[in-house]
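Mapping the sequence shown onto my numbering, position 223 (from 1) lands on 428, and the numbers just tick up by one.
Beta carbons: idealized from backbone N, C-alpha and C, even for Gly.
Since this is a predicted model, take the numbers as computed values, not measurements.
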Amino acid sequence: MAFVTRQIIRTLTTSATRNAAIKTVTIIGGGQMGAGIAQATASTGHTVVLVDTNEDILKKSAKGIEGSLKRVVKKKFADKPEAGEEFIQKVMKNVSTSTDAAAAAQKSDLVLEAIVENLKIKQGLFSALDKAAPQHTIFASNTSSLPITDIASSTTRLDRFGGLHFFNPVPMMKLVEVIKTDSTSQETFDALMAFSKALGKHPVTCKDTPGFIVNRLLVPYMMEAIRLHERGHGSKEDIDMAMKLGAGYPMGPFELLDYVGLDTAKFIIDGWCAMEPNNPLFSTSPMLNKLVAEGKFGKKTGEGFYKYK
Ligand code: 3HC
206 MAFVTRQIIR TLTTSATRNA AIKTVTIIGG GQMGAGIAQA TASTGHTVVL
256 VDTNEDILKK SAKGIEGSLK RVVKKKFADK PEAGEEFIQK VMKNVSTSTD
306 AAAAAQKSDL VLEAIVENLK IKQGLFSALD KAAPQHTIFA SNTSSLPITD
356 IASSTTRLDR FGGLHFFNPV PMMKLVEVIK TDSTSQETFD ALMAFSKALG
406 KHPVTCKDTP GFIVNRLLVP YMMEAIRLHE RGHGSKEDID MAMKLGAGYP
456 MGPFELLDYV GLDTAKFIID GWCAMEPNNP LFSTSPMLNK LVAEGKFGKK
506 TGEGFYKYK
């Protein structure tokens, strides 16, 4: 009898987990990506806790979210400024901030990290949160280039771990890459797909391969633009103009590199070069290395390939 009861409870619990939509979300990392994801999540009625290591970063993130919301509202509520103001208030109410990741994870259906691209740090974070978060909580990483399988290996919830890769600027970019590893369960994958759609995004399915779809194509393209310039075959201004006017890209490769962050681009290409040193698509660039060594990371530091006010 006890066995039957246990079976019934297990079946009910499993189906509850299977059907439960993601409503409460913890986002770890208050940088550009984390804040952007928090904004998209809160704007679609989800409850969000944005976590980072100190209050100053979190204050900056909240200010960034509000600033971006104002830009959205200016277009979306052009004729109804009061409704726009109301929308901003409502969205901001859905976001709280915290420096306590474990406490936030305890109340979340989804924990998504958008922290530094360092495997050991990501593993350390998820290993700690694995002990704090409830059984049903799904873990996901917004990594640009690291294998989701390697990050997930630090936890005991391989079936409830996947990738959710967003694009900068998150409030504007419609795509989310949903990564299913060999261990991600179908229920988890379905929940991540449904969550992406609930954000008003268009999800695509990706295997756990380097760079998934977008970065696997975009990063070699941007690196080839740098190499073209290094060979003296075109100025950065001309290459940018050529790709905007000749290929219809909204930004040229140098503008996009500065926008994404040269430190991020270097991290990705260095990692791939170490993995496949003989692949010419993954070769590094002295010009990129020099700019990063000088602390010129692009728009966020005021200078990269171009200078910013
Ligand atoms: N928040 C809210 N609204 C924004 C915004 C933001 N962060 N950025 C732009 N907008 C909206 C605003 O309505 C803005 O009008 P406003 O300036 O009057 O407020 C409007 O878009 C137009 O913006 P801009 O005048 O600055 O410039 P654009 O017309 O060129 O649009 C862009 C900006 C959407 C960023 C466009 O240039 C673009 O699509 N660029 C390519 C971005 C891209 O490729 N991203 C992917 C990078 S790869 C990545 O992220 C993966 C990672 O792993 C490396």
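How close, in whole Å, do the beta carbons of residue i and residue j come, if the pair is a contact with beta carbons under 8 Å?
i, j, result
"residue 259", "residue 302", "Wrong, their Cβ atoms sit about 11 Å apart, outside the cutoff."
"residue 245", "residue 404", "5 Å"
"residue 504", "residue 464", "6 Å"
"residue 256", "residue 229", "Going by Cβ atoms, the distance from residue 256 to residue 229 rounds to 13 Å, so no, they are not a contact pair."
"residue 376", "residue 277", "6 Å"
"residue 356", "residue 331", "6 Å"
"residue 161", "residue 427", "Because residue 161 is not part of the residues shown, which for the chain are 206 to 514, the question remains open."
"residue 540", "residue 506", "As displayed, the chain neither begins before 206 nor continues past 514, which places residue 540 out of reach and without an answer."
"residue 458", "residue 444", "6 Å"
"residue 337", "residue 311", "6 Å"
"residue 409", "residue 380", "7 Å"
"residue 502", "residue 441", "Contact doesn't hold; Cβ gap of about 16 Å is too wide."
"residue 274", "residue 262", "That pair is no contact at about 19 Å."
"residue 471", "residue 497", "5 Å"
"residue 335", "residue 360", "4 Å"
"residue 306", "residue 233", "6 Å"
"residue 300", "residue 243", "6 Å"
"residue 431", "residue 378", "Residue 431 to residue 378, Cβ: 23 Å. No contact."
"residue 296", "residue 248", "5 Å"
Hey, could you find the ends of the alpha helix (DSSP H) residue i is sitting in?
i, result
"residue 401", "391 to 403"
"residue 424", "419 to 435"
"residue 355", "353 to 357"
"residue 250", "Residue 250 -> no alpha helix (DSSP H), and no H or E assigned at all."
"residue 388", "Looking at the DSSP string, residue 388 is not in any alpha helix (DSSP H), and its letter there is neither H nor E."
"residue 415", "Looking at the DSSP string, residue 415 is not in any alpha helix (DSSP H), and its letter there is neither H nor E."
"residue 311", "Counting along the chain, residue 311 falls outside any alpha helix (DSSP H), and DSSP gives it neither H nor E."
"residue 472", "467 to 480"
"residue 322", "Counting along the chain, residue 322 falls outside any alpha helix (DSSP H), and DSSP gives it neither H nor E."
"residue 447", "441 to 452"
Where DSSP assigns a beta bridge to residue i, which residues make up the other side?
i, result
"residue 508", "503, 512"
"residue 344", "316, 366"
"residue 497", "Partner(s): none; residue 497 has no beta bridge."
"residue 303", "256"
Which residues mark the beginning and the end of the beta strand (DSSP E) in which residue i is found?
i, result
"residue 382", "380 to 384"
"residue 408", "407 to 411"
"residue 293", "That residue, residue 293, is in no beta strand (DSSP E); its alpha helix (DSSP H) goes 286 to 299."
"residue 232", "229 to 233"
If we cut at 8 Å on Cβ distances, does residue i have a partner in chain C?
i, result
"residue 342", "Structure shown: chain C not included; a single protein chain is present."
Does the distance between the C-beta of residue i and the nearest non-hydrogen atom of the ligand ZN fall short of 7 Å?
i, result
"residue 373", "Although the ligand ZN was asked about, the structure shown includes only the ligand 3HC as ligands."
Original post:
Does the count of Cβ pairs from the stretch 316 to 330 and the stretch 264 to 275 closer than 8 Å reach three?
Top reply: Segments in contact, no.
Subject >> the stretch 427 to 442 / the stretch 376 to 393 touching (three or more Cβ pairs under 8 Å) >> reply: As far as the Cβ criterion goes, the stretch 427 to 442 does not touch the stretch 376 to 393, which means the pair count is below three.
Original post:
Counting Cβ pairs closer than 8 Å, one from the stretch 234 to 244 and one from the stretch 282 to 295, do we hit at least three?
Top reply: In short, these stretches do not touch, since the Cβ pair count stays below three.
Subject >> Three-pair Cβ contact test at 8 Å for the stretch 362 to 376 versus the stretch 333 to 347 >> reply: As far as the Cβ criterion goes, the stretch 362 to 376 touches the stretch 333 to 347, which means the pair count is three or higher.
Original post:
Per the contact definition of three or more C-beta pairs closer than 8 Å, is the stretch 410 to 430 in contact with the stretch 348 to 361?
Top reply: A contact exists between the stretch 348 to 361 and the stretch 410 to 430.
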